[in-house]
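Here the sequence shown is numbered in the numbering used here, starting from 452 and rising by one per residue. Worksheet: the structure to be examined is printed underneath.
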Amino acid sequence: MGPDVPLLNDYKQEFFWKRFPQTILGGPRFKLGYCAPPYIYVNQVILFLIPWVFGGIGTVLYQLSTLEDYWASILAAGLMLLAAFIVQGMNLWVRRNSVAVETFTPENTLADEDEFDFSSCAGSETVKFIIPGKKYLINTVFHSILAGALCGLGTWFTVNPILLQTAQILHIIFVFLPVLWAIGILPPVDALVLWVLEQVLEFVFGGSPMATNVRLLVIFTLSAGVVIATFFIPDSLGVVLFTTGMGFILSLDLSQIETSFRFCCRTADASLEYPKDRSHQIGWQFGWKIILIYISLLIMILAEAGLLHFFARNSTTSGISPQTILSYILIVTLVGWKICQEVQGAFIFGLLRNPFFPKGIRTVEVFKQKRAILMKASLIQRILLNFVSPFAMLAFLSVDSSLQYLHTASLCIGFTRAFRMVWQNTENALVEVVVIAIVRLATLHSSLLWWNSLGTGIQLLMVGIIRDRFFQAITKLKFALTVLISSWTEKKQRRKSSSAIIILNIILFPVVLTIIALASVLSAPLLPLFTLPVFMVGFPRPNKSWPGSVGAAACICPDSVYYQHMKHNLAAAFCTAFSAGSLGNPTPGSHYLCRFQDRLVWVLILERGFGYCCINIKGLELQETSCHTAEARRVDEVFEMSFEQNEQARTCPLNQHFSNILTPSTVLPVQVYSDARNVLTGIIDSLENLKHIKEDFAKVFIWVLLHYINNKSKSENVQDNQPLQQNTTWLEENTVTSMQTESSKGPKDSFSINSEIFHDWSDEDIFDLESIGKKTGIRLAKTSTGMQQMTTEPVITSIPGSLETQSLSSDINDEELPKRTPMYGLPATDKGKQILMETNTHEMIPVVVFSSPYSHKLKVPENWQSGPFSPLLLQELLKSFPEDWYSFVLGLLDVFHSDEKRSIIFEVIGDTTLKDMYSHVVMTCYGVMLGTDSIIPSPNQIFKVYSGDIPWSLGLDWLTQKPELLTLALKAFRYTFKLMFDKASLGPVESFAELVNYLEEYDRNWFIGMVSEPQWQQSVLQEKPYLFSLGYDPSLSLYTGRVLSLQEMLLHVGQLNAEAIRGQWANLSWELLYATNDDEERYSIQAHPVLLRNLTVQSANPPLGYPIFSSPPIHVSLF
């Protein structure tokens, strides 16, 4: 889209200009989208002037000396209260007395507001329109009382001469309040309360913004309690010990106690979650070891603070004060720490290229080798920051002389904050203490009475506020200049009005600076209207910018699983980067952007404490739009120029993208899934490769089926390792057949599988044991020996052409039973065209004779032994059965644990009955999946079978009725396709052993399936090393292969201008909630390579933004 996309569409402009005057005036609707009678406007004017009239009556009576000022105020308040009750009562009465049955007119779904049909000046519709009612009665009472109170107070401020100056100021404020509310500067109540709590907690109590509102309220209450308790401690030593200990305790990650408790109480159902949740708990965990470490640290700091304060209070020596010595130590520490920290990143202060940062890095191994020197500097800065600085600052504060005058509220607040800041945010505390130290050293021979009278605690508080607001103003000014300059330098952002807006900004530059200063003082976002260089002050809001719980909402899609998987690994990488200092100070409100292949990860710092910070990880969409692609391309360019060091970058020591809101920071090795996509043209359409699929499917299926039966046999704990009597059938081995008359009854502990009498026609195989059970009423009963006994109860059927079943004698000798070989592949028969049962019932049971007594461990389920194909067709398919491969795979199975394992395996391999059983199942599935003819399958057929959409054939119904076998056949086919892909890429398979290696690798380390399947996402979360999927692009008519491989890759990370993000989010909130501009193609959502406008909008919380993943708060260690 071009740069002259309308800021507001025509239909939204009309709606906006109707609502804007209504918002400013507080309710009257003088601009309607339809024709209304004149009395509608007159009634609204009268109602609007009622408070002015009542206030005027009280003022006039006071001016005439008829009433005193308080009586005049009470009179105005009473009249206003009465009028409010009357007005609301009228609406309530009209609603209750309205006609219940109304005529419904066709509703216009495109209308922004309801249209009223007015009938008279005092009609019900007129009253409803002019006096909108309240939903609840309590609201009616509350608003009426509030209206009366405000009217009375307004009158009192007007008539009271003492409050005249205050009244004049309030008059000015009240005039602008509606305008401020209409343009979105006044905050909602909930945002205002949370903002005030955060500001007080951070700058008064020395805490940090919290990740959740509950934690914010709890920590605020505890912090306030500490300040109050400090005020009542009589001795300065007790104050030092108490504030030092509580400051350390409140700065710890106390939420880990709750996390550990929940983990200990977690049920087995929690195992379905991400399997490495506990092992990926970033940083220290609250166990007995960390508790001992914290207790030891607490004892050390209490001992240091107490002893130093005790000796400093009782010391009478003159000369250089201990604070002066500590001041020099702190200055040196700050300089050394800052140097070691800045050399960790790609740029020094975001402007100069770091000569020590690894150049031309493309692999993880090379990066780790080149950063060895930086890791030594990292160790130094960690020691200076985490050990030297806190104890030096603690000593500086403990020996301060102003601790003797603590029994004032200001000093209690100041020192409570100071002792806590040492641990809560060591970097900022170090800067503040060094500023105080430099001021004292500079004024060592002079005196600043007003400054020294404040005390060290209040001095640190003031320096902290000035430091925060100063850096906010700098980042806001940079953001404003970026918006202003890029509106002209970026050709696609250059509008017709750009030159005029730029000239106005230059002329009114003092006004722009004033707006920036005001936004900085209020810690409010600088709002660029429609992301143009027209700036306003957004309303103050909490650090996380959006209401609701962090991570509670996201636009979940199948791609979300990749971000869900990488969140723990990414958090672990951030832990390393924060401890090394390569990402700067993890200040709450900081934003980071990570880039890897097609993934964009947004990281927000929510909370900061001693040794930890709390982050929120968001994943942006992978299906890139044109705007998304344009900005992602610029992000890649910025990172490439910074980390891969092309020729242009090597010649320029400056950051060429300094104006961009993204500043490259570092590269992080992270274990993630690398996504490789290939076009299969030349592979899937190759006749030779398609022949390989048809040749290899039977081999792969034999391997899959044998391993499945073997594993199933092990899981069922079959312990039949002892030799059995030769020529014992599998039927005799498990059951004893006895025929009972209809009147006979089984034992009491029998469990029946009798089916109902069938009155339908069936195509079931008469040799299937299940179907015989259904037709004859077979019941399995436990005998006294513990074996299962088949009992039959004849069922009288009335099927045309069938013979009725007669009861048979139960004392038939088992030796008289004929031994039958398996009869596979019998065609389906009709009940009406065959004899249901022969005279001898035993002849219908599929008696299978194994030549080896051990073969029963590998027998396939009985219901798989039937088949849909005719004997002739099946016989033709059996010619392609790879017997040598079958024998080879069978010889590798670890199913027998006897000392004579080799002879047993040889015996089982020679069992022709077992081989016939497997050949029947394998080749039947072969015919269903790939056809019974010799035609080579087409690529389309291969794709359909791979995706589970098997083309219809004679045996498809037979296979789909056996879900377990269908799953195995589909798994074997997918393995076959992956084998074909590997053979085409890596070369042919030259031996059976190599083929087994391929299949074992697939089974152990691969998931081979479809992206759309739930198992794909489960495999990602379970960290399967490799995933493969076959796809088809209908727009290009191309078959594609997708491979995910889990490996350690380099992730590019850059820090974003926090005020640029807050400003764009503020505009997004204003534009959608105040201007109701929800157009998907609006100007403020178009691509902006410098501001990253589209990505910033995506990263906002739903419903205004649309990240596809948002994590709950993740606690990351800083050690």
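Beta carbons are placed, not taken as given, at the ideal position from N, Cα and C, and that holds for glycine. From a predicted model like this one, the values you see are computed outputs, not experimental measurements.
- Cβ atoms of Q539 and G605 stay farther apart than 8 angstroms, at about 20 angstroms.
- Beta-bridge partners of Q1122 (DSSP): E1499.
- Going by DSSP, C791 is part of the alpha helix (DSSP H) stretching over 773 to 793.
- In this chain, the alpha helix (DSSP H) harbouring V1089 covers 1077 to 1090.
- Counting along the chain, H1566 sits inside the beta strand (DSSP E) bounded by residues 1565 to 1568.
- The beta carbon of S687 is closer than 8 angstroms to those of H760, R764, L854, Q855, L857 in its chain, skipping five residues each way along the sequence.
- Per DSSP, F986 lies in no alpha helix (DSSP H) segment; the continuous beta strand (DSSP E) that holds it begins and ends at 986 to 988.
- With contacts defined as CB atoms closer than 8 angstroms, L983 and I952 qualify as a contacting pair.
- If you check the CB distance, A797 and P1115 come in under 8 angstroms.
- Beta-bridge pairing by DSSP links E1058 to C1065.
- Of all alpha-carbon atoms in P489, D1408, P612, E816, the one lying nearest the alpha-carbon of G1318 is that of D1408.
- CA-to-CA, the gap between R480 and V578 works out to about 14 angstroms.
- Taking all protein chains shown into account, A828 has 16 or more neighbouring C-beta atoms within 10 Å of its C-beta and is therefore buried.
- Boundaries of the alpha helix (DSSP H) harbouring R920: 907 to 940, taken from the DSSP string.
- If you ignore the 5 residues before and after K1429, its C-beta comes within less than 8 angstroms of the C-beta of Y1453, W1457, I1459, F1479, all in its own chain and listed in chain order.
- Just so you know, the alpha carbons of G509 and L614 end up roughly 16 angstroms apart.
- A direct Cα-to-Cα measurement between A642 and E465 gives close to 30 angstroms.
- Per the coordinates, the alpha-carbon of Y1534 lies some 56 angstroms from the alpha-carbon of L777.
- Taking each of T672, G1035, Y1525, A1420 in turn and checking the Cα distance to Q473, the smallest one comes out for Y1525.
- By the neighbour-count definition (other C-beta atoms within 10 Å, threshold 16), E1139 is an exposed residue.
- Cβ-Cβ distances below 6 angstroms link Y1014 to G1070, F1560 in the same chain, with the five nearest sequence neighbours on each side left out; the list follows chain order.
- DSSP places Y1490 within a strand segment (E or B) once states are collapsed to three.
- Inter-residue distance for V640 and R1425 is about 59 angstroms (C-alpha atoms, whole angstroms).
- Fully contained in the stretch 993 to 1046 are the following alpha helix (DSSP H) runs of length 4 or more, in chain order: 1011 to 1031.
- Three or more Cβ pairs drawn from the stretch 844 to 851 and the stretch 751 to 758 lie within less than 8 angstroms of each other, which places the two stretches in contact.
- L1507 places its beta carbon 8 angstroms or farther from that of V815.
- In the same chain as I475, and ignoring 5 residues on each side of it, the C-beta atoms closer than 7 angstroms to its own belong to P629, V630, A633, in chain order.
- Distances from the CA of F625 to each of L601, S1488, P612 were compared; the closest alpha carbon is that of L601.
- Look at A527 here: in three-state DSSP terms it is helix.
- In summary, F800 is exposed, with fewer than 16 beta-carbon neighbours lying within 10 Å of its beta-carbon over all protein chains present.
- DSSP places D1484 in the uninterrupted beta strand (DSSP E) bounded by 1477 to 1484.
- Within the same chain, L667, L668, F671 come within 8 angstroms of L648 by CB-CB distance, once the 5 residues on both sides are set aside.
- Under the three-pair Cβ rule at 8 angstroms, the stretch 1116 to 1134 counts as touching the stretch 1045 to 1053.
- Judged by DSSP in its simplified three-state form, N1129 adopts strand.
- Looking at the backbone, the Cα of I501 and that of L1555 are separated by about 39 angstroms.
- Annotation for S1398: M1461, L1481 place their beta carbon closer than 8 angstroms to its own, counting only its chain and skipping 5 residues before and after.
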